[in-house]
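Read in the working numbering, the sequence shown has 238 at position 228, and its numbers run on one by one without any break. A virtual CB, placed ideally from N, CA and C, is assigned to each residue, including glycine. None of these values were measured; they are calculated from a predicted model. Encoded as structure tokens, the structure appears first; notes follow it.
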Amino acid sequence: MPLNKNIHKVMVIGSGPIIIGQAAEFDYAGNQACRALKSLGLEVCLVNSNPATLMTDKSMADEIYIEPLTLRTVERIIEKEKPDSLLSTLGGQTGLTLSMELAKSGFLEAHNVQLLGAVPETIDKAEDRQMFKDMMEKIGEPVIPSKVVTTYEDAIDFVHNEIGLPAIIRPAFTLGGTGGGICRTEAELDEIVHNGLHRSPIHQILVEKCISGWKEVEFEVMRDSTGNVITVCSMENVDPVGVHTGDSIVVAPTLTLADKEYQMLRTAALNIISELKIEGGCNCQFALNPDSFEYAVIEVNPRVSRSSALASKATGYPIAKVAALIAVGFTLDEIPNFVTKKTKACFEPVLDYVVVKMPKFPFDKFVYAARKLGTQMKATGEVMAIGQSFEEALLKAVRGAELKTSSLDLPAFARESDDKIKTIVGQCTDQRIFAIYQALKRGLMTVEQIHDITKIDRWFLWKVENIIKMETAGVLGGKSAKLMNHLGEGEVETRAAGCNGGETSPASTLLYPPASFKMVDTCAGEFAAETPYFYSTSCEPDGSIGENEAEAYLEEMHS
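So this is what it looks like as structure tokens:
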């Protein structure tokens, strides 16, 4: 259906100050949404407490309020501006919580303001731990054995008498796992339960059985008012369950799942968003047993999330923009694909490349902070890299994260003793990937031994071995930018002399050799793209530079 004729003025709530778990990705989402709404001729009223954002630029909205994001402040602005709609799903947890409070208090109804994107019942089903569990059981989706409690005594009783330690505590209506964590000892259980009940705005926590070691997989899904549903992107954490997805290295698309596993989780994600009746974007997180087809739903975010920004940039599919258009009445088959301008937004994006997200931690500034990672997020930023292989994308991400190294060979670890490296491999910290590299390079541990300790999938560990083999063979020469796609042991020998198959190339001495540029067009070249973007890559496995798709695109544009 076309634009809802009852919508004329929309209020958008921003995410407020940049904090751990809620940073610039929500500015990116709000920016997209404001542009989309204004392009329809709608009046946009923006409220955000953070002036250091793009969305508070005067060109983004008709009225901009840089005010504290509190209930009373938003109420006063609604009374003054009299919007007819409130878009609740683009301001992260802050915007969602404020919208819920306004709706439940009856304030929105009293002022004839409709909530766009998700109704209070939908938000409650996804955010309230008990309602979420009940909904999953209703539609036949498995959940981890758990219990929702509101008192310390009930939490302790459930752990001691039913699930045992270790256990995971997840507070309701909080961001980035704030107040939660994994309890391995009685002392940790006491501390985290007390903290979780305190941090939850409704003093409710979910106590669940710990399934550390399972794979963690995410699906970014979209739904419109008529029930059309699609998956925009699948993402897989390199670290197993037990590490917050914001603190883990993440790859897109999923790389280690069999087709049956992928289809099983994709179907579950679509079932969940259909049951919730969300109109817009939604993020579904799953735990998958690597030794069977057993899986469980971890949680659902009924809003544009941190992962939405990654999925949007990784695929070229503007999730926040499409979600805003759906919220005001459009359906997926009416919204154009903004890259090809030929297909519609109801087509699922296709990736013919690999994306790696690497988190950025503030431990260089907080030198005494514990580097141990868990279910409470610690990263303050992230970088995204695109390559034709996992190895290439991973090494580009390492360089982009500004870790003072151009490869996985972290200088500080190169000087550590063998025993120290083995110890760090067994610790779940932000530096474990670099310790794994050292352990494999020095021959201290095998892939199988590292897998048994870390539960990181063997496929990722084999790829780290590939990097080491190429460096040892002289293909990389200590320079990581020349790692190519699908190189096996035989090809490593062929490539050892240089990038042109036999003689040493001058490019082989450069950190950034001559590159070609490949296209991100949402459809893997199936349709001509009008507004794609490009990523740089090194030479092909056969030693050639490969087609420069950016050059071909520019020539076609100017012909």
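Rounded straight-line distance, which links the Cα of ASN16 to that of ILE166
What you label residue 166 is simply residue 156 of the sequence shown in a count that begins at 1. What you label residue 16 is simply residue 6 of the sequence shown in a count that begins at 1. A straight line joining the alpha-carbon of ILE166 with that of ASN16 spans about 51 Å.
To the nearest whole angstrom, what separates the beta carbons of LEU216 and ARG313, a pair I think is in contact under 8 Å?
As a working note, residue 216 is residue 206 in the sequence shown. As a working note, residue 313 is residue 303 in the sequence shown. LEU216 to ARG313, Cβ: 19 Å. No contact.
For LEU56, which option in LEU50, VAL84, HIS213 and LEU335 has the closest C-alpha, if you only look at C-alpha atoms?
The residue labelled residue 56 in the question sits at position 46 within the sequence shown. Answer by Cα proximity: VAL84.
What are the boundary residues of the alpha helix (DSSP H) that LYS323 is part of?
Counting from one through the sequence shown, the residue named residue 323 turns up at place 313. Boundaries of the alpha helix (DSSP H) around LYS323: 316-325.
Given PRO152, which residues of its chain have a CB within under 6 Å of its CB, disregarding the five upstream and five downstream residues?
For the purposes of this step, residue 152 is taken as residue 142 along the sequence shown, with counting starting at 1. Excluding residues within five positions, the ones whose Cβ falls inside 6 Å are ALA306.
Below 8 Å on the Cβ atoms is my contact criterion, and I expect THR350 with THR547 to pass it. Report the Cβ-Cβ distance as a whole number of Å.
Within the sequence shown, numbered from 1, the residue matching residue 350 stands at position 340. Within the sequence shown, numbered from 1, the residue matching residue 547 stands at position 537. With 8 Å as the limit, THR350 and THR547 do not qualify as a contact, their Cβ atoms being about 22 Å apart.
Taking buried to mean at least 16 other C-beta atoms within 10 Å of its own C-beta, is PHE303 buried or exposed?
Here the question's residue 303 lines up with position 293 in the sequence shown. Answer is exposed; the Cβ neighbour count stays below 16.
If you draw a straight line from the C-alpha of GLY487 to the C-alpha of GLY190, how long is it?
Numbered from 1 along the sequence shown, position 477 holds the residue referred to as residue 487. Numbered from 1 along the sequence shown, position 180 holds the residue referred to as residue 190. In this predicted model, GLY487 has a pLDDT of only 45, less than 50, meaning its place in the structure is not dependable enough to derive any value.
Rounding to the nearest angstrom, what Cα-Cα distance links THR99 and ASN311 in this structure?
Numbered from its first residue, the sequence shown carries residue 99 at position 89. Numbered from its first residue, the sequence shown carries residue 311 at position 301. Rounded to whole angstroms, THR99 to ASN311 spans 10 Å at the Cα level.
The region 86-105 touching the region 45-59, judged by at least three CB pairs closer than 8 Å
yes
Apart from the five residues just before and just after ALA43, which ones in its own chain have a Cβ nearer than 8 Å to its Cβ?
Counted from its first residue, the sequence shown places residue 43 at position 33. These residues qualify, in order along the chain: VAL22, LEU97, LEU100, ALA330, LYS331, ALA333 and ALA334.
I believe MET245 touches VAL239 by the beta-carbon criterion, under 8 Å. Please report the beta-carbon distance rounded to the nearest angstrom.
Translated into the one-based positions of the sequence shown, residue 245 becomes position 235. Translated into the one-based positions of the sequence shown, residue 239 becomes position 229. Not confirmed; about 18 Å, so no contact.
Using 10 angstroms around the beta-carbon of TRP224, count the other beta-carbons present and answer buried if the total reaches 16, otherwise exposed.
As a position in the sequence shown, residue 224 is number 214, starting the count at 1. Per the 10 Å Cβ criterion, buried.
Please give me, in chain order, every unbroken run of the alpha helix (DSSP H) with length at least 4 that falls completely inside the region 125-170.
130-137, 139-149 and 162-168
Quick one: grab the DSSP three-state call for GLN448.
Counting from one through the sequence shown, the residue named residue 448 turns up at place 438. In the structure shown, GLN448 sits in a helix (DSSP, three-state: H, G or I).
Own chain, CB closer than 6 Å to TYR75, minus 5 neighbours either side, in chain order:
Sequence index remark: in the sequence shown, residue 75 carries index 65 (1-based). Once the five neighbours on either side are set aside, the close Cβ partners of TYR75 are VAL57 and ILE87.
Coil, strand or helix - PHE400 by DSSP:
On the sequence shown, position 390 is the one that residue 400 refers to. Correct three-state label for PHE400: helix.
For GLU309, which residues of its own chain have a beta-carbon under 6 Å away from its beta-carbon, when the five flanking residues on both sides are left out?
Taking the first residue of the sequence shown as 1, we reach residue 309 at position 299. Excluding sequence neighbours, GLU309 sits near GLN295.
Can you confirm whether the region 374-388 touches the region 398-409 when touching is taken to mean that 3 or more C-beta pairs between the two stretches lie within less than 8 Å?
The region 398-409 makes no contact with the region 374-388, as fewer than three CB pairs between them are under 8 Å.
Rounded to the nearest angstrom, what separates CYS193 and LEU50 at their Cα positions?
In the sequence shown, counting from the first residue as 1, residue 193 sits at position 183. In the sequence shown, counting from the first residue as 1, residue 50 sits at position 40. Using only the alpha carbons, I get a separation of about 50 Å.
Using the beta-carbon count (16 or more within 10 Å), is GLY556 buried or exposed?
What you label residue 556 is simply residue 546 of the sequence shown in a count that begins at 1. With 16 or more other Cβ atoms within 10 Å, it is buried.
The alpha helix (DSSP H) with ILE477 in it runs from where to where?
Locating residue 477 in the sequence shown gives position 467, counting from the first residue. Per DSSP, ILE477 belongs to the alpha helix (DSSP H) from 468-483.
Rounding to the nearest angstrom, what Cα-Cα distance links GLU289 and GLU402 in this structure?
Taking the sequence shown and counting its residues from 1, the one referred to as residue 289 is at position 279. Taking the sequence shown and counting its residues from 1, the one referred to as residue 402 is at position 392. If you take the alpha carbons of GLU289 and GLU402, they lie about 37 Å apart.
Please state whether DSSP places MET232 in a helix, a strand or coil.
As a working mapping, residue 232 is identified with position 222 in the sequence shown. If DSSP states are grouped into helix, strand and coil, MET232 belongs with the strands.
Select from PHE527, ASN281, ASP249 and HIS18 the residue whose C-alpha is nearest the C-alpha of GLY237.
As a position in the sequence shown, residue 237 is number 227, starting the count at 1. The option with the nearest alpha carbon to GLY237 is ASN281.
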